[in-house]
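Top line first, the protein sequences correspond to chains A and B.
Those letters in the first sequence? Residues 13 to 393, per this note's numbering, in order.
Those letters in the second sequence? Residues 13 to 393, per this note's numbering, in order.
From the three backbone atoms N, C-alpha and C, an ideal C-beta is built for every residue, glycine too.
Worksheet for the structure shown next.
Protein chains: 2
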Amino acid sequence: MANKNHQNKNVNLNGWMNKFKRIEEKTKKLALLSRLGQILNSTLDHKDVRRRAMEAATQLMEAEAGSLLLFDEEKNQLYFEVALGDQEEAIRKIPLNIGEGIAGWVAQKGEPLIVNTPEKDTRFFKGVDDRTEFKTRNIICVPVKVKEKTIGVLEAINKKKGEEFNEEDLSLLTSLADQVAIALDNARLYQELEEMFFQTAESLADAIEKRDPYTGGHTQRVTKYSLTTARYLKKKPVEMKWLKISAVLHDIGKIGIDDQILRKPDRLDPEEYNAIKQHADMGAEIIDHIKQLKNIIPGVKYHHEQLDGTGYPEGLKGEKIPIIAKIVAVADTYDAMTTDRPYRRGLSKELAIKELRRCSGTQFDQEVFEAFAKAYEKGEI
Amino acid sequence: MANKNHQNKNVNLNGWMNKFKRIEEKTKKLALLSRLGQILNSTLDHKDVRRRAMEAATQLMEAEAGSLLLFDEEKNQLYFEVALGDQEEAIRKIPLNIGEGIAGWVAQKGEPLIVNTPEKDTRFFKGVDDRTEFKTRNIICVPVKVKEKTIGVLEAINKKKGEEFNEEDLSLLTSLADQVAIALDNARLYQELEEMFFQTAESLADAIEKRDPYTGGHTQRVTKYSLTTARYLKKKPVEMKWLKISAVLHDIGKIGIDDQILRKPDRLDPEEYNAIKQHADMGAEIIDHIKQLKNIIPGVKYHHEQLDGTGYPEGLKGEKIPIIAKIVAVADTYDAMTTDRPYRRGLSKELAIKELRRCSGTQFDQEVFEAFAKAYEKGEI
């Protein structure tokens, strides 16, 4: 009797220990889920969120690979990026028709799915394996939903140590998908707002430009040339951002110039030229009221300064001229030279580059010109 | 011997069961932490994040109250909002000098703190209890850090069931604070971008307005009047947002009007008046290129339409005129009437309201006018 009791206790103890191990494992996974949620939400860059979501799915599921597929409503397709776990380098874009494959099924039904024997599952789409040269052994796949609407699918492929995916995994991956949905939605909102800002600035610059019938598309070209030059100067993303806004708004001060002067088909007399020169200061004054745009003022105010101090509005010399202004200056002058005016034809690209080279070191910054010339040689300008 | 073994097993079993209960508790808390993180990140509204952070701290710590204090660098103060758990209504703003109180200490040192006997702790600041009529029994307080920089402090006050805060609580609250930091930072970035957008739109509207020397401050006033009217019409936040942008940009089309006409000190002749009328369509054309601003086109394009169909550009009648345009129309006309022109003095407020009333039902929407008049009577216009 005592012996039997003893055995029961042993059984109980083993039961408790197993239960304990499982729950301890779950605790670790929940702590990991919490950390992954933090990492996901630490960026408002949509591409970063997507990459982190795939990495998180791979890590949380202890899988060989993770992938995130997003729904493209226009094309009625899922497009996805595959992160092959440790072999991170192989991230590829492959479109998938809705309903096609495991992911297509999950996207269509809005329900999660575990497939531990893909070769026996008619929903499995071998095409992806063929193209990625990846052998899918088993797969776990959950919908990514924003306010009840499926916007995509999160997957993990091939559980490590030869195991199969289970219900516990499904619950964890579903929680992760909820966090992915939130992070993606925040990034989307931020990106849309940023686009709204840029498009508004560009549209207003366009409208101002239209008052001057001889400069159609000038702002857009100056912006493109400036950004291309900056890439060759290896500028950081944040510098590129300020440069872009600065280039878009560089002539914003023309809002305050009389349209008789702006539209004059002949060469300007000295007084009219002096009036035109005001646009640099006027632009800076407009921007000065916008707290968050402090960083673009140098580009707007000083894009007509020259290295030797003969420019305007302040006659700044050499290193006193901010780099952002030096970049816009080259782009602006190149565009002015290569476009037609009522009183002269535009120069050819070759002649314009030649002229910029002649004036670099006196009017233009040498290094900026070299970057511009390199971009030109590569056919990017 | 057998008996002793048996006892050992019992002891072990109890030990395992306790350990199991603790870890089971922790698992629940981690799952809760994960959910709270989702809730925190599901908004980009700074105020919402703050409120959710306090509620999350209260819930996670099983406390009577939670509070979030944020650092104001200019004033070198912490300001905080107290959420008194179930007695939610009592959210108050109280400033706290840096270094002052438990929270001030945590903010200054950047280290977490548990105080289970506040009455014996010299750092404890009774002033807050006095002002909130709240009795602090114990307190747990952790720094909120963005990229190693302390931006605030998250607290929970009075553990329920008469318990004290422990190290496990500290670890959980620290994780929550990390999530709060991320959510606050995202909301701040979004808010800054939104401000940049509004300020840029306002500055450009101002600059365009400056070409017309008789309308200083017009845009700002029309925006203010429109929003005030909309509040009395009980418009939703999202409608208010579109109305605001629409009011700011309602005259954007004037960018394309000759400055001789804009600046003419005398009354316009019919041909000039026809040219001025173009600004409604021109404004809509500019905005038409901005995908995210589709919703403001009605306000920009139709703010000169009249109920009886005698307005421009399309001569729309009654219900065909969008509500956003009807609101801007009343605000715009009131401001035009009450400001001086070179050829006439502006009307008094009373006379202008009288004139609007006379024309409501034919020129202006009755309901919109009533809302405007109510705001005027309350001294808000």
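Please return the same chain residues whose Cβ sits closer than 8 angstroms to the Cβ of residue i, not counting the five positions on each side in sequence.
{"i": "Q369 of chain B", "result": "Residue identity check: residue 369 of chain B is Arg in the sequence provided, not Gln. These residues qualify, in order along the chain: F381, A385."}
{"i": "D293 of chain B", "result": "G265, K313, P325"}
{"i": "L185 of chain B", "result": "A69, L72, M73, P124, I152, V154, L166, A168"}
{"i": "P130 of chain A", "result": "I114, F136, T148, R149, N150, I151"}
{"i": "D133 of chain B", "result": "I114, V127"}
{"i": "T231 of chain A", "result": "E214, A217, D218, E221, A259, V260, H262, D263"}
{"i": "I1 of chain B", "result": "Since the first residue of chain B shown is 13 and the last is 393, residue 1 of chain B is not available in this structure."}
{"i": "E362 of chain A", "result": "none"}
{"i": "E120 of chain B", "result": "Checking the sequence, you will find Gln at residue 120 of chain B rather than Glu. I110, G111."}
{"i": "E367 of chain B", "result": "M349, L359"}
Could you round the C-beta distance between residue i and residue j to whole angstroms and report it? I think they count as a contact, below 8 angstroms.
{"i": "A65 of chain B", "j": "V165 of chain B", "result": "Wrong, their Cβ atoms sit about 11 angstroms apart, outside the cutoff."}
{"i": "V61 of chain A", "j": "A189 of chain A", "result": "So it is not a contact: roughly 13 angstroms between Cβ atoms."}
{"i": "Y237 of chain B", "j": "I110 of chain B", "result": "Not really, about 42 angstroms apart at Cβ, beyond 8 angstroms."}
Check residue i in the structure and name its three-state DSSP category.
{"i": "P310 of chain A", "result": "helix"}
{"i": "F384 of chain A", "result": "helix"}
{"i": "G358 of chain B", "result": "coil"}
{"i": "R353 of chain B", "result": "strand"}
{"i": "F177 of chain A", "result": "coil"}
{"i": "F376 of chain A", "result": "strand"}
{"i": "P130 of chain B", "result": "helix"}
{"i": "S183 of chain B", "result": "helix"}
{"i": "I114 of chain A", "result": "helix"}
{"i": "D270 of chain A", "result": "coil"}
{"i": "S54 of chain A", "result": "coil"}
{"i": "L363 of chain B", "result": "helix"}
{"i": "I35 of chain A", "result": "helix"}
{"i": "H291 of chain A", "result": "helix"}
How about residue i and residue j: are their beta carbons less than 7 angstroms apart?
{"i": "L261 of chain A", "j": "D224 of chain A", "result": "no"}
{"i": "S183 of chain A", "j": "S46 of chain B", "result": "no"}
{"i": "F137 of chain A", "j": "E112 of chain A", "result": "yes"}
{"i": "E204 of chain A", "j": "Q304 of chain B", "result": "yes"}
{"i": "S258 of chain B", "j": "I302 of chain A", "result": "no"}
{"i": "P354 of chain A", "j": "P277 of chain A", "result": "yes"}
{"i": "I309 of chain B", "j": "A296 of chain B", "result": "yes"}
{"i": "L90 of chain B", "j": "L25 of chain A", "result": "no"}
{"i": "L42 of chain B", "j": "L42 of chain A", "result": "yes"}
{"i": "D377 of chain A", "j": "R233 of chain A", "result": "no"}
{"i": "L80 of chain B", "j": "Y202 of chain B", "result": "no"}
{"i": "D271 of chain B", "j": "D271 of chain A", "result": "yes"}
{"i": "T162 of chain B", "j": "G122 of chain B", "result": "yes"}
{"i": "N8 of chain A", "j": "A75 of chain A", "result": "What the structure shows of chain A is the stretch from 13 to 393, and residue 8 of chain A is not part of that stretch, so it cannot be assessed."}
{"i": "T39 of chain A", "j": "K38 of chain B", "result": "yes"}
{"i": "G49 of chain A", "j": "G49 of chain B", "result": "yes"}
Between residue i and the rest of its own chain, which residues show a CB-CB distance below 6 angstroms, the 5 nearest in sequence each way excluded?
{"i": "I268 of chain A", "result": "Correcting the residue identity first, residue 268 of chain A is Gly in this sequence and not Ile. Same-chain partners within the cutoff: M294."}
{"i": "H316 of chain A", "result": "A292, G323, Y324"}
{"i": "G358 of chain B", "result": "T350, T351, D352"}
{"i": "I333 of chain B", "result": "Y314, E317"}
{"i": "L245 of chain B", "result": "A383"}
{"i": "T335 of chain B", "result": "For clarity, residue 335 of chain B is Ile in the given sequence; the question names Thr instead. There are no such residues."}
{"i": "F32 of chain B", "result": "none"}
{"i": "H58 of chain A", "result": "A199, Q203"}
{"i": "G78 of chain A", "result": "M66, A69, T70, A95, A168"}
Just to confirm my understanding: we take residue i, look at its own chain, exclude 5 residues before and 5 after, and list those with CB closer than 7 angstroms. What are they?
{"i": "G330 of chain A", "result": "L319"}
{"i": "N307 of chain B", "result": "W254"}
{"i": "T241 of chain A", "result": "I339, V342, A343, V380, A383, F384, A387"}
{"i": "A337 of chain A", "result": "P310, G311, Y314, H315, E317"}
{"i": "R34 of chain A", "result": "none"}
{"i": "D181 of chain B", "result": "M73, I152"}
{"i": "V158 of chain A", "result": "A193, D197"}
{"i": "F209 of chain A", "result": "none"}
{"i": "A195 of chain B", "result": "L52, N53, V61"}
{"i": "W28 of chain B", "result": "none"}
Have a look at the DSSP bridge pairing and note the partners of residue i.
{"i": "C153 of chain A", "result": "A:L125, A:E167"}
{"i": "S77 of chain A", "result": "In the sequence under discussion, the amino acid at residue 77 of chain A is Ala, which differs from the Ser named in the question. DSSP lists A:I169 as partners of A77 of chain A."}
{"i": "K329 of chain A", "result": "A:D320"}
{"i": "T162 of chain A", "result": "A:K157"}
{"i": "F83 of chain A", "result": "A:L90"}
{"i": "N109 of chain B", "result": "B:Q89"}
Quick one: does the C-beta of residue i sit closer than 6 angstroms to a heavy atom of the ligand ATP?
{"i": "I51 of chain B", "result": "Annotation note on the ligand ATP: not contained in the displayed structure, which lists no ligands."}
Quiz item: Relative to chain C, which residues along the region 206 to 226 of chain A have a C-beta separation below 9 angstroms, given in chain order?
Solution: No chain C is part of this structure, whose protein chains are labelled A and B.
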